[in-house]
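Read through the structure below, which is laid out as structure tokens, and then see the notes.
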């Protein structure tokens with residue numbers, strides 16, 4: 011049950027982050043923000059999130 015609550019909280023924060031990305035406008039700005047989040051996740055030993063962010067960054071750079 012605690013896992014579900016955590017997931018819902020993460021979904022909301024992901025939506026907020028997505029809105030922030032859209033406000034940044036450029037892909038370069040979005041990539042910079044995602045790279046910062048990726049490094050923070052890695053420093054916090056959240057390697058799964060870091061790898062997901064790495065994949066998003068790669069996809070954006072391919073655009």
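Numbering (my numbering), first residue to last: 11 to 73. Beta carbons are placed, not taken as given, at the ideal position from N, Cα and C, and that holds for glycine. This one's a predicted model, so the numbers in the text were calculated from it and none came from an experiment.
**Message:** I need the straight-line Cα distance from residue 29 to residue 72, nearest angstrom please.
**Reply:** Here residue 29 refers to the residue found at position 19 of the chain shown. Here residue 72 refers to the residue found at position 62 of the chain shown. Each residue's alpha carbon lies about 21 Å from the other.
**Message:** Can you check which of these residues, 41, 24, 23, is closest to residue 67 by C-alpha distance?
**Reply:** Within the chain shown, residue 67 is the residue found at index 57, counting from 1. Of 41, 24, 23, the residue nearest in Cα terms is 41.
**Item:** For residue 73, the first and last residue of its enclosing alpha helix (DSSP H)
**Value:** On the chain shown, residue 73 is found 63 positions in, with the first residue counted as 1. Looking at the DSSP string, residue 73 is not in any alpha helix (DSSP H), and its letter there is neither H nor E.
**Message:** Using a 10 Å radius around the Cβ and a threshold of 16 neighbouring Cβ atoms, would you call residue 32 buried or exposed?
**Reply:** As a working note, residue 32 is residue 22 in the chain shown. Its Cβ having fewer than 16 others within 10 Å, residue 32 is exposed.
**Prompt:** Is it true that the CB of residue 47 sits closer than 8 Å to the CB of residue 98?
**Reply:** This structure leaves residue 98 out entirely; the chain is present only between 11 and 73.
**Request:** For residue 55, count neighbouring Cβ atoms within 10 angstroms of its own Cβ and tell me buried if that reaches 16, exposed if not.
**Result:** By one-based count along the chain shown, residue 55 stands at place 45. Exposed.
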